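Here the structure comes first, spelled out in structure tokens, and everything after it is commentary.
Chains as they are written, first to last, in my numbering: chain A, 2 to 256; chain B, 837 to 1095.
What follows is the structure, given as structure tokens:
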């Protein structure tokens, strides 16, 4: 893609976002909605800018990020190792597949009350919920990626004298990385969503808590601020993951 | 993938196994707020027998089905168009990327201010939650359609619309259905959370009210009911999917052999 086409694409993509903000401003300016129900965009963004430098708000962001990263990291480690193990080991496969089949479509938010009762109201229950939700997309795509590794590659490695244990790390894992990263991307978005929801349901800190407090006290401006913040966080994390992906996949034909 | 004897009952065995683990854990922990699996199962008939809870659960399902159907009806054409036209994709992609990480159920408090606590807000939230994965997967599916097939279609005189329906839609169908399956799970999640935030009716309402009132049997019984809903819907969807796209089944049923 040349740079000119890229610029056109960026301009095209900016249109709907600009349009959305324009309509938002218009609704306010022409008085279709009172500012208590829909605050004007200028007010929301200046409030957001102001909040970003506020230590209390920064602390809320840090809390949310801590839960998000811990949960996501555990989910990646568990998901990748279980997925690879299930794809390479018939016995583990027989055990993991039916359990995953049952647990994957279960709406994990419904389990949140159980986590609350068992693990308490602090970080643990929220992190567990993030793990429970982010685990399955990662596990399933790892499994898919590892089971579609070409058998010929493995045979060649064996013929070249690679011991079985090393085949796992030198052939199967690298070959399934594209698929694993796709799973991680879905898992990351889900982690963002879930950590926010968990904080909305019961929490004393974090971005979700900020939203709920604002909703209870009818501060519409403050309701938009955490939503925009989580959207920005999602964008940044997604960008980082993309950068990591293009670094990890630099040798692959289509990245 | 053909489910033979053992694979057919394996999920059932897994269910039983999980319940046994739960029972054992509950007996070992002896915690007041963690009832045993048997206690929770015993509480199910009283919930399903109660007319009001049944109406609540049916209302949840109705909202979910409407939201899901609307989302699929709108997102699939949009995703396909994005996949086939660079301009359309460039137009919508950044907007969708901004919306994707926002938890849709978190919009509930704001939407409630505008549309009230009724069915409309909850259905809208479910609609938003389902549409994004469906758009994304339709987009990916349409983008991966082989150019040669479209050229052949064009050479045989199919118009753009006909090509869309007779070549691109079937070719992208496996990917679209994957998106719909993710959407189905998300619809359930959004359903439960939206009802938890707007405590007015529905399965989520029963669940979190029971939690607030300390009726732990009911909490865990509702978890089983909602979970069973998820598993049943997913199994039904999987059946339909398998019938529609039997031709594209990947043959990766065999575990790799090298050990």
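Quick reminder that beta carbons are idealized off the backbone N, C-alpha and C, glycines included. This structure is a prediction, so every number in the text was calculated from the model and none was measured.
Fill in: chain A contact residues for residue 847 (chain B), given Cβ-Cβ distances below 8 Å
99, 102, 103, listed in chain order.
Worksheet item: From this set, B:918, B:868, B:879, B:931, which residue's C-alpha is nearest residue 118 (chain A)'s C-alpha?
Response: Checked all of B:918, B:868, B:879, B:931; the closest Cα to residue 118 (chain A) is B:868.
Item to complete: Count the other C-beta atoms from every protein chain shown that fall within 10 angstroms of the C-beta of residue 147 (chain A), then say buried if there are 16 or more, exposed otherwise.
Response: Buried is the call here.
Worksheet item: With contact counted as at least three CB pairs below 8 Å, one residue from each stretch, are the stretch 199-219 of chain A and the stretch 941-952 of chain B in contact?
Response: Segments in contact, yes.
Worksheet item: Which class does residue 1037 (chain B) belong to by DSSP, given the choice of helix, strand or coil?
Response: Reduced to three states, the DSSP call for residue 1037 (chain B) is strand.
Item to complete: Spell out whether any CB of chain A is found under 8 Å from the CB atom of residue 1092 (chain B).
Response: Residue placement at residue 1092 (chain B) is poorly supported in this model, since its pLDDT is 49, which falls under 50; the coordinates still yield a value, given next. Yes, residue 1092 (chain B) counts as interfacial toward chain A.
Worksheet item: Got a sec: which bits of the stretch 1006-1020 of chain B sit with their beta carbon under 7 Å from any beta carbon on chain A, in order along the chain?
Response: Within the stretch 1006-1020 of chain B, no residue has a Cβ lying closer than 7 Å to any Cβ of chain A.
Item to complete: Could you work out which residues of chain B lie near residue 190 (chain A), taking near to mean beta carbons separated by less than 8 Å?
Response: Those within 8 Å of residue 190 (chain A) in chain B are 936, 937.
Worksheet entry | Under the three-state DSSP convention, the category residue 973 (chain B) falls into | Note: residue 973 (chain B) maps to helix in three-state DSSP.
Worksheet item: In chain A, what lies closer than 8 Å to residue 875 (chain B) by C-beta?
Response: The premise fails here: residue 875 (chain B) is roughly 13 Å from chain A at the closest Cβ pair, so nothing lies under 8 Å.
Item to complete: Assign residue 129 (chain A) to one of three DSSP states: helix, strand, or coil.
Response: Looking at residue 129 (chain A) - three-state DSSP - the assignment turns out to be helix.
Discussion item. Just to make sure I have the definition right: I need the residues of chain A whose C-beta is within less than 7 Å of the C-beta of residue 1043 (chain B). Which are they?
Written reply: The answer, in chain order, is 111, 114.
Item to complete: Using a Cβ-Cβ cut-off of less than 9 Å, give me the residues of the stretch 1028-1053 of chain B that come near chain A, in sequence order.
Response: The stretch 1028-1053 of chain B vs chain A, Cβ under 9 Å: 1028, 1029, 1032, 1033, 1039, 1040, 1043, 1044, 1046, 1047, 1052.
Worksheet item: With DSSP run on the structure shown, which of helix, strand or coil describes residue 223 (chain A)?
Response: In the three-state reduction of the DSSP assignment, residue 223 (chain A) falls in the helix class.
Worksheet item: For residue 1058 (chain B) versus residue 1069 (chain B), is the C-beta distance shorter than 8 Å?
Response: No; because the gap between Cβ atoms is not below 8 Å, this pair is not in contact.
Practice prompt. Determine the chain B residues that contact residue 263 (chain A) at a beta-carbon separation under 9 Å, and present them in chain order.
Written response: Any answer about residue 263 (chain A) is impossible in this case: the structure gives chain A only from 2 up to 256.
Worksheet item: Helix, strand or coil for residue 992 (chain B) per DSSP?
Response: Here residue 992 (chain B) sits in coil by DSSP.
Worksheet item: Can you tell me whether DSSP reads residue 197 (chain A) as helix, strand or coil?
Response: In the three-state DSSP reduction, residue 197 (chain A) falls in the helix class (H, G or I).
Discussion item. Give me the chain A residues within the contact set of residue 1083 (chain B), using Cβ-Cβ distance strictly less than 8 Å, ordered along the chain.
Written reply: What residue 1083 (chain B) touches in chain A: nothing, since even the nearest Cβ is about 18 Å away.
Worksheet item: Which of the three DSSP states, helix, strand or coil, is assigned to residue 138 (chain A)?
Response: Helix, per DSSP.
Worksheet item: Which residue from B:990, B:1040, B:1066 puts its Cα closest to that of residue 892 (chain B)?
Response: If we check each option's Cα against that of residue 892 (chain B), B:1040 comes out closest.
Item to complete: Can you tell me the Cβ-Cβ gap for residue 1018 (chain B) and residue 965 (chain B), rounded? I've got them flagged as a contact below 8 Å.
Response: Contact doesn't hold; Cβ gap of about 10 Å is too wide.
Fill in: DSSP three-state assignment for residue 206 (chain A), whether helix, strand or coil
Judged by DSSP in its simplified three-state form, residue 206 (chain A) adopts coil rather than helix or strand.
Worksheet item: Just how far apart, CA to CA, sit residue 859 (chain B) and residue 873 (chain B)?
Response: Take the alpha-carbon of residue 859 (chain B) and the one of residue 873 (chain B): they are about 5 Å apart.
Discussion item. Under 7 Å, CB to CB, which of the residues in the stretch 857-882 of chain B have a partner in chain A?
Written reply: Considering only beta carbons, the part of the stretch 857-882 of chain B lying closer than 7 Å to chain A consists of 869, 870, in chain order.
Item to complete: Kindly list the residues whose CB is nearer than 7 Å to the CB of residue 1092 (chain B), restricted to its own chain and excluding five residues on each side of it in sequence; keep chain order.
Response: Only weak support exists for where residue 1092 (chain B) lies, its pLDDT of 49 falling under 50; the coordinates are left without a value.
Item to complete: Can you grab the Cα-Cα spacing for the pair residue 994 (chain B) / residue 1008 (chain B), in whole Å?
Response: Straight-line Cα distance between these residues: approximately 18 Å.
Worksheet item: Which runs of the alpha helix (DSSP H), 4 residues or longer, sit entirely within the stretch 918-983 of chain B?
Response: Runs found: 922-935, 944-951, 955-979.
Discussion item. Determine, for residue 18 (chain A), whether the minimum Cβ-Cβ distance to residues of chain B falls below 8 Å.
Written reply: Yes, because at least one Cβ of chain B sits closer than 8 Å to the Cβ of residue 18 (chain A).
Discussion item. Quick check: the stretch 962-982 of chain B against the stretch 931-940 of chain B, are at least 3 beta-carbon pairs closer than 8 Å?
Written reply: Cβ pair count under 8 Å is three or more, so yes.
Fill in: Residue of B:897, B:853, B:846, B:883 minimising C-alpha distance to residue 1031 (chain B)
Cα-wise, what sits closest to residue 1031 (chain B) is B:897.
Discussion item. Let me see if you follow: with CB-CB separation under 8 Å, is residue 197 (chain A) close to chain B or not?
Written reply: Chain B, which has a Cβ nearer than 8 Å to the Cβ of residue 197 (chain A), makes this yes.
Worksheet item: Would residue 838 (chain B) be called buried (16 or more neighbouring beta carbons within 10 Å of its own) or exposed?
Response: Low confidence applies to residue 838 (chain B): its pLDDT is 45, below 50, so where it sits in the model is not reliable, and the reading given next is rough at best. Classification of residue 838 (chain B): exposed, given that the 10 Å Cβ count is below 16.
Worksheet item: Can you list, in chain order, the residues of the stretch 888-905 of chain B whose Cβ is nearer than 8 Å to any Cβ on chain A?
Response: Cβ contacts with chain A: none found.
Fill in: Beta-carbon proximity of residue 971 (chain B) to residue 1020 (chain B), cut-off 8 Å
The answer is no: Cβ separation not under 8 Å.
Fill in: Cβ neighbour criterion (16 or more within 10 Å) applied to residue 857 (chain B)
Flag for residue 857 (chain B) reads exposed.
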